[in-house]
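The block underneath contains the structure these notes are about, expressed in structure tokens.
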């Protein structure tokens, strides 16, 4: 079993929900990321979603877009992120890591070279926001060679046909975008998300993770009642725009503890 499948199976057997945390690799400085990941795992994170810094992050709101700018300004590139994963794996061989980013850097590096390097580093899967499943076949073939998962996204606007198409092809988990907007948006309709998740679950046994708009313990708890995982990003990234590095790390770890406690209630 993959690390993702193993982790979700463990949580299901414990009747617990997964906390998936987003971290922008290299934000605000490259040396911050790996120690931060370990601290977040210690605080209760089950799956790490590690952002690949990119200059044109079209699905991201201002918080994560600015984090990408800080990471790029600090010198972090896509291959540097893989080295961060490799260093993380020196101490942690259990926590799944999924890279989230955009297609352009992979095109520049080359699918085969990138996936091989990601696998060697200890990456478990990819979320490529601007690669629709209809066009993902060539990358997916390579990922399957390395037993890595390609995680696809569904949204409130996804048709029944699209839901069925994604349910048939996704691996690892399905990422349900809970609102029409970018990361960090404020509006979150729990009832609508619950109805959509029920429809997705009728077509797949994969875990369903909900992201975009989950920002605090209350929203995490509400989504945890209907989904298998909650995915939190902007709320964990925001302190690095507002505080010193040490303060930001402390605030982020504390936020993780609050989210974990809410999910476990």
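Numbering (the numbering used here), first residue to last: 223 to 487.
Yeah, the Cβ is synthetic: ideal placement off N, Cα and C, and Gly gets one too.
Model, not experiment: these values are computed from the prediction.
query, result
"Taking C-alpha atoms, which residue in 361, 444, 450 and 416 lies nearest to residue 231?", "450"
"Using a Cβ-Cβ cutoff of less than 6 Å, which residues in the same chain neighbour residue 322 once the five nearest sequence positions on both sides are dropped?", "271, 273 and 349"
"Thinking just about the alpha-carbon of each residue, which of 445, 266 and 394 is nearest to the one in residue 415?", "445"
"Please name the residue, chosen from 356, 362 and 365, that lies closest to residue 383 on a Cα-to-Cα basis.", "356"
"Between residue 298 and residue 292, what straight-line distance do the alpha-carbon atoms span, to the nearest angstrom?", "9 Å"
"Could you check if residue 424 is buried or exposed, using at least 16 other CB atoms within 10 Å of its CB as the buried criterion?", "exposed"
"Name the DSSP beta bridge partners of residue 269, please?", "242"
"Does the beta-carbon of residue 389 have 16 or more other beta-carbons within 10 angstroms, so that it is buried, or is it exposed?", "buried"
"Taking its Cβ as the centre, do 16 or more other Cβ atoms sit within 10 Å of residue 371, making it buried, or is it exposed?", "buried"
"With DSSP as the reference, please indicate the residues paired to residue 195 in a beta bridge.", "The question about residue 195 has no answer here: the residues shown for the chain are numbered 223 through 487."
"With 16 other CB atoms within 10 Å as the buried threshold, where does residue 368 fall?", "exposed"
"Starting from residue 387, trace the alpha helix (DSSP H) both ways and give me its first and last residue.", "382-391"
"Quick test of your reading: residue 428 and residue 347, contact by CB under 8 Å. State the CB separation rounded to the nearest angstrom.", "The pair is not a contact, with the Cβ atoms about 12 Å apart (cut-off 8 Å)."
"As a quick exercise: from 308, 481 and 476, pick the residue whose alpha carbon is nearest that of residue 261.", "476"
"Which stretch, first to last residue, makes up the alpha helix (DSSP H) that contains residue 446?", "439-446"
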